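Here's the structure, in structure tokens; my notes come after.
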Amino acid sequence: MYVDCDYESIEPIEALLRGKECCFALEPFSHCDIRIWGDDVKQVITNALMLTIPRHPFIQKIIKNLFSEEKLAYASKYTKFECVLKTTGPGAVIETYGNSTTAEKNSVYLIPAKYVSPFDFGQAHRFRTGEMDEELENCLEEAYAVHYFFSDWRKKR
């Protein structure tokens, strides 16, 4: 299990994942509009929350993709932000999933955003700054966890 540091567990997640061997969180649908993903992305699969049994074939496929010659050349073609997202971030997961067979896709449970990423970027910011309204409360109704999208890795140190 890997979980970004800007996640908060608000309910035990075991029941949601029971019987699953490889799980990735989906981000809210509004995140599909981010230009870096491309025009045809219908869902953003994040690497901020991943759970898998050892050596699951989908994880192996992601690792192989990460070390491909194409990915190694990204550093010279993209900004740091784009490079990270495309090589080790959601872009890599989205691409690998998109290039997978139906059987491979069926072995991966994509956890609906309402359960693990109920807020989009803007809503998460509002919540972090203390705002609470009916819209934000409704987002939390079925949530097991909240991703706050701090993006600390982007900040200069």
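When you read off a place in the sequence shown, starting at 1, and then add 970, the result is the number in my numbering.
Beta carbons are placed, not taken as given, at the ideal position from N, Cα and C, and that holds for glycine.
Keep in mind the model is a prediction, meaning the values are calculated, not measured.
Asked                                                                                                   : Found
Nearest residue (CA-CA) to E1112, options H1095, P1082, V1054 and A1094                                 : P1082
Per-residue burial, F1051 [other beta carbons within 10 Å of its own, 16 or more giving buried]         : exposed
Local conformation of L1019 per DSSP, three classes                                                     : strand
Stretch-stretch touch, CB-based, cutoff 8 Å, three pairs: the region 987-1000 with the region 1075-1095 : yes
Burial state of A995, where buried means 16 or more other Cβ atoms lie within 10 Å                      : buried
Inside the region 1038-1094 only - alpha helix (DSSP H) runs reaching at least 4 residues               : 1039-1042, 1044-1047, 1050-1057, 1060-1068, 1072-1076 and 1083-1086
Nearest neighbour of F1024, chosen from Y972, D976, I1004 and K1047 [CA to CA]                          : Note that residue 1024 corresponds to Pro in the displayed sequence, not to Phe. Of the listed residues, the one whose Cα sits closest to P1024 is Y972.
Expected contact under 8 Å - CB spacing of I1064 and I1015 to nearest Å                                 : 5 Å
Local conformation of H1001 per DSSP, three classes                                                     : helix
Cα-Cα separation between R1096 and V1116, rounded to whole angstroms                                    : 13 Å
Distance between Q1030 and K1084 (C-alpha atoms, nearest Å)                                             : 27 Å
Buried/exposed call for H1033, threshold 16 Cβ in 10 Å                                                  : With the sequence shown as reference, residue 1033 is identified as Ile, and His is not the correct amino acid for it. Classification of I1033: exposed, given that the 10 Å Cβ count is below 16.
Cβ neighbour criterion (16 or more within 10 Å) applied to R1127                                        : With a pLDDT of 48 at R1127, under the threshold of 50, the modelled position of that residue is not reliable, and no figure is offered here.
As assigned by DSSP and simplified to three states, the class of C975                                   : coil
C-alpha distance - E978 paired with T1022, whole-angstrom precision                                     : 19 Å
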